[in-house]
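Residue numbers (the working numbering): 1009 to 1599. Idealized CB from N, CA, C, for every residue including glycine. If you're wondering where the values come from, they're calculated on a predicted model, not measured in any experiment.
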DNA sequence: GTGAAGGGCCAC
DNA sequence: AAACGTGGCCCTTCAC
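Given below as structure tokens:
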């Protein structure tokens, strides 16, 4: 594919080019940068393509004039990027959005992301790859050469090959989008695509904002947990060694406490009836009878804390900003949930000792807002279950109300144990729990668990039939959808009972978990629109929770905005079940 | 040495 | 024989 392009490297030509490009409806958009981290490198090229016209802008000459964030010579470029029309088509637009936000001080307006579109169309098929080479091959049958992607973009003079590569990538976006739109429309996926595209810039900005972590506090906790681990390790070594023959001159050999095999052998030597797996909940029942098991669990807990939530988290603190800048994958799961890595700030332990370290810097406050029982509300909305509707509309204690139903007693007579049972049940049904699992979870016999499930579903008739239908639909149609129309396709062997059962569970769970993700994504967009420019900034999201950092003076009003945005987002998906958001304003992530 | 797989465990 | 959903990270084990 030969692409004709214009290379722009001075203000006059830039103004002219932007003026012409600005009249287009759609523009392929791409940037070439000297590094992957916007806090480290700089933007070298910005490319636009209208198909027949492709422009490559070299920013290096503009650096001579002054800071790219400020010089008026770049205003035409900023305006073009910020405009809602033309829509910018980019592959993984989050990347480009971050760079232009940080280096050109402009928020990208109007986004079509070919990376996200490809994922939406793939509908959860895990084999499919979504990098530009694979996507253009799959949808256009074009092989693109990405070898220049990692070339030196900081060179004084770029090679013809580099510039041609840059032009090609942008030019590719126009035909690629056409194919993708065709597929999106065919599969009725335009609504979810828009939902996703609207999220790109807020997420890009959130990643730039970063999440503040108090290093001192974190180290304090790390010290405590390291000490705990050491002590538990020493004691555990001693206890395990008791099972080894005392014949050895040098005493018992050291056991690698992180090795499941070695630990299992040692436990067997001590006469512990080790279950098939040594997962915590399998070992837990043995810990009363065997102190060594209790010690093992204590060691594991401390080891996990020290390894996953220790020094390694601090290594992700950005040397420039001093904050964490995790990587959020917008479609991290087939359900549409985000995933997060480097570090994963969606799996920080709930205990206050950890959460308190994620605090508000001097003069700032943290607003923590989370949807209350959003998945159960979605289940109530979809099933129309009378008990769910009554409980949510009446504002009653939801789990207590379920307990009253299940145990056939007055709500006021529900004991804490009964409520806890009902809570487990309520959450269990969202995942399609079975009697066996429920029995183990709540410490009753399988027979008792079966009875409780039967009673639960007989008092929640609409819920029962919705879950059945959702399961049957997953098998019959081989797919399921969320509220935004997001599609997940299921592949399973019709003759395999285990796969049938698991597909049914996916089919029941996906609309619930996925609609929850839809709602959060919509909330993020609405939230972004009301806080941007106020000094408040989104710093983390955890599935049904949003964390905003803002100057203390505007904390209360910002909290109200956050709450309103979240509720308004939910109202677009839930028509009969009300939604509530718990909001707190404080100095840290913990209460 | 490197990478994949598996077990275990953190979050929602 | 049965199996509650979605992720990421750490460690060991094992193959290359």
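Runs of beta strand (DSSP E) lying entirely within the stretch 1482-1567, each at least 3 residues, in chain order: 1487-1489, 1495-1497, 1545-1549 and 1553-1559
Candidates 1505, 1380 and 1208: closest to residue 1335 by CA position: As a working note, residue 1335 is residue 327 in the first chain. Looking at the Cα atoms, 1208 is the closest of the given residues.
Residue 1255 versus residue 1309 - alpha carbon distance: Position 247 of the first chain, counting from 1, holds the residue named residue 1255. Position 301 of the first chain, counting from 1, holds the residue named residue 1309. Here the model assigns residue 1255 a pLDDT of 48, short of 50, so the residue's position is not dependable, and the following value carries that caveat. Answer to the nearest angstrom: the Cα atoms are 32 Å apart.
C-beta contact flag for residue 1375 and residue 1554 at 9 Å: Within the first chain, numbered from 1, the residue matching residue 1375 stands at position 367. Within the first chain, numbered from 1, the residue matching residue 1554 stands at position 546. In this structure, residue 1554 lies closer than 9 Å to residue 1375 by Cβ.
Residue 1059 to residue 1192 span [Cα, whole Å]: Locating residue 1059 in the first chain gives position 51, counting from the first residue. Locating residue 1192 in the first chain gives position 184, counting from the first residue. About 21 Å.
Residue burial classification, residue 1013 (beta-carbon count within 10 angstroms, cutoff 16): Here residue 1013 is taken as the residue at index 5 of the first chain, counted from 1. Residue 1013 is buried by the Cβ-count criterion.
DSSP bridge partner residues for residue 1287 (one or two, in chain order): In the first chain, residue 1287 corresponds to position 279, counting from 1. In DSSP, residue 1287 forms no bridge with anything.
Secondary structure of residue 1059, DSSP reduced to three states: Working through the first chain from its first residue, we reach residue 1059 at position 51. Looking at residue 1059 - three-state DSSP - the assignment turns out to be coil, as it is neither helix nor strand.
Counted within 10 angstroms of its Cβ, other Cβ atoms place residue 1358 as buried (16 or more) or exposed: The residue given as residue 1358 occupies position 350 in the first chain. By the 10 Å Cβ count, residue 1358 comes out exposed.
C-beta atoms of residue 1220 and residue 1349 nearer than 9 Å: Here residue 1220 corresponds to residue number 212 of the first chain, with the count starting at 1. Here residue 1349 corresponds to residue number 341 of the first chain, with the count starting at 1. Cβ atoms of residue 1220 and residue 1349: not closer than 9 Å.
Minimum length 4: unbroken alpha helix (DSSP H) runs contained in the stretch 1199-1226: none
Given 8 Å, three or more beta-carbon pairs between the stretch 1387-1400 and the stretch 1450-1462: no
Alpha-carbon spacing of residue 1567 relative to residue 1303, whole angstroms: In the first chain, counting from the first residue as 1, residue 1567 sits at position 559. In the first chain, counting from the first residue as 1, residue 1303 sits at position 295. One C-alpha to the other measures close to 44 Å.
Own chain residues within Cβ distance below 7 Å of residue 1206, not counting five before or after: What you label residue 1206 is simply residue 198 of the first chain in a count that begins at 1. Here the set comprises 1533.
Residue(s) in a DSSP beta bridge with residue 1066: As a working note, residue 1066 is residue 58 in the first chain. DSSP lists 1053 as partners of residue 1066.
Residue ranges of each beta strand (DSSP E) within the stretch 1346-1396, 3 or longer: 1347-1349 and 1372-1379
Distance, residue 1055 Cα to residue 1175 Cα: Along the first chain, one-based indexing puts residue 1175 at 167. Along the first chain, one-based indexing puts residue 1055 at 47. In a straight line, the C-alpha of residue 1175 is about 6 Å away from that of residue 1055.
8 Å CB neighbourhood of residue 1497 in its chain, flanking five on each side removed: The residue given as residue 1497 occupies position 489 in the first chain. Within the same chain, residue 1497 has close Cβ partners 1131, 1132, 1133, 1486 and 1487.
Proximity of residue 1182 and residue 1057 at Cβ, strictly below 9 Å: Within the first chain, numbered from 1, the residue matching residue 1182 stands at position 174. Within the first chain, numbered from 1, the residue matching residue 1057 stands at position 49. It is a contact, given that the beta carbons lie within the stated cut-off.
Proximity of residue 1461 and residue 1441 at Cβ, strictly below 9 Å: Counting from 1 along the first chain, the entry for residue 1461 is found at position 453. Counting from 1 along the first chain, the entry for residue 1441 is found at position 433. Yes, they are a contact pair.
9 Å Cβ cutoff met for residue 1201 and residue 1116: Position 193 of the first chain, counted from the first residue, corresponds to residue 1201. Position 108 of the first chain, counted from the first residue, corresponds to residue 1116. Taking 9 Å as the Cβ cut-off, residue 1201 and residue 1116 do not qualify as a contacting pair.
Rounded C-alpha distance that separates residue 1285 from residue 1444: Within the first chain, numbered from 1, the residue matching residue 1285 stands at position 277. Within the first chain, numbered from 1, the residue matching residue 1444 stands at position 436. One C-alpha to the other measures close to 17 Å.
Stretch-stretch touch, CB-based, cutoff 8 Å, three pairs: the stretch 1100-1117 with the stretch 1070-1083: yes
Where the alpha helix (DSSP H) containing residue 1466 begins and where it ends: Counting from one through the first chain, the residue named residue 1466 turns up at place 458. Its alpha helix (DSSP H) spans residues 1454-1467.
Range covered by the alpha helix (DSSP H) that runs through residue 1097: The sequence position of residue 1097 within the first chain is 89, counting from 1. Not the alpha helix (DSSP H): residue 1097 falls in the beta strand (DSSP E), residues 1095-1098.
Nearest-angstrom Cβ-Cβ length linking residue 1062 and residue 1172, presumed shorter than 8 Å: Residue numbering aside, residue 1062 sits at position 54 when the first chain is read from its first letter. Residue numbering aside, residue 1172 sits at position 164 when the first chain is read from its first letter. The Cβ separation is near 10 Å, so there is no contact.
Spatial neighbours of residue 1508 in its chain, beta-carbon cut-off 7 Å, leaving aside the 5 residues before and after: What you label residue 1508 is simply residue 500 of the first chain in a count that begins at 1. The residues are 1483 and 1500.
Limits of the alpha helix (DSSP H) - the one that residue 1122 falls within: Counting from 1 along the first chain, the entry for residue 1122 is found at position 114. 1122-1130 is the extent of the alpha helix (DSSP H) around residue 1122.
Contact set for residue 1094: own chain, Cβ-Cβ below 6 Å, skip 5 residues either direction: One-based indexing of the first chain puts residue 1094 at position 86. Closer than 6 Å at the Cβ level, and outside the excluded window around residue 1094, lie 1032, 1033, 1034 and 1035.
Buried or exposed by the 16-neighbour rule on C-beta atoms within 10 Å, applied to residue 1329: On the first chain, position 321 is the one that residue 1329 refers to. Exposed: under 16 other Cβ atoms inside 10 Å.
Residues that residue 1016 bridges to, as DSSP identifies them: Within the first chain, residue 1016 is the residue found at index 8, counting from 1. In the DSSP output, where bridge partners are listed per residue, residue 1016 has 1065.
Cβ-Cβ separation, residue 1325 to residue 1223 (assumed contact under 8 Å), whole Å: Locating residue 1223 in the first chain gives position 215, where the first residue counts as 1. Locating residue 1325 in the first chain gives position 317, where the first residue counts as 1. That pair is a contact at about 7 Å.
Own chain, CB closer than 6 Å to residue 1248, minus 5 neighbours either side, in chain order: By 1-based counting over the first chain, the position of residue 1248 is 240. Closer than 6 Å at the Cβ level, and outside the excluded window around residue 1248, lie 1263 and 1274.
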